[in-house]
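First the structure, in the form of structure tokens, and then the observations on it.
Numbering (this note's numbering), first residue to last: -7 to 94.
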């Protein structure tokens, strides 16, 4: 049996943890010149987005001041993390979208 490579382990961690995915894969793409600094609000949003993926919660409303990574987490990184595993019968839609799901 071969030993897993570091990249294999990182990929598995990223598959299991949205926060790990955001910090190690999404952040370097979104903000390559800025070092990532984790804070409680980022972990809280990541936990809630993970709960959405697992079906533990159905709706999520995030009220925070601007420049706190809401869009980067919810609109950019979460769909990239969730899309490969998403069932097409359960599309992700913003609350402002009142039309039928595609």
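Glycine included, every Cβ here is placed at the ideal spot set by N, Cα and C.
The structure displayed is predicted, hence computed values, not measured ones.
{"Item": "Just to confirm, is the Cβ distance from residue 11 to residue 64 under 7 Å?", "Value": "no"}
{"Item": "Take the Cβ of residue 73 as the centre, count every other Cβ of all protein chains shown within 10 Å, and call the residue buried at 16 or more, exposed below.", "Value": "buried"}
{"Item": "Please return the same chain residues whose Cβ sits closer than 7 Å to the Cβ of residue 103, not counting the five positions on each side in sequence.", "Value": "No answer is possible for residue 103: the residues shown for the chain start at -7 and end at 94."}
{"Item": "Quick check on DSSP: helix, strand or coil for residue 45?", "Value": "helix"}
{"Item": "Looking at the secondary structure, which residues open and close the alpha helix (DSSP H) in which residue 5 lies?", "Value": "-2 to 8"}
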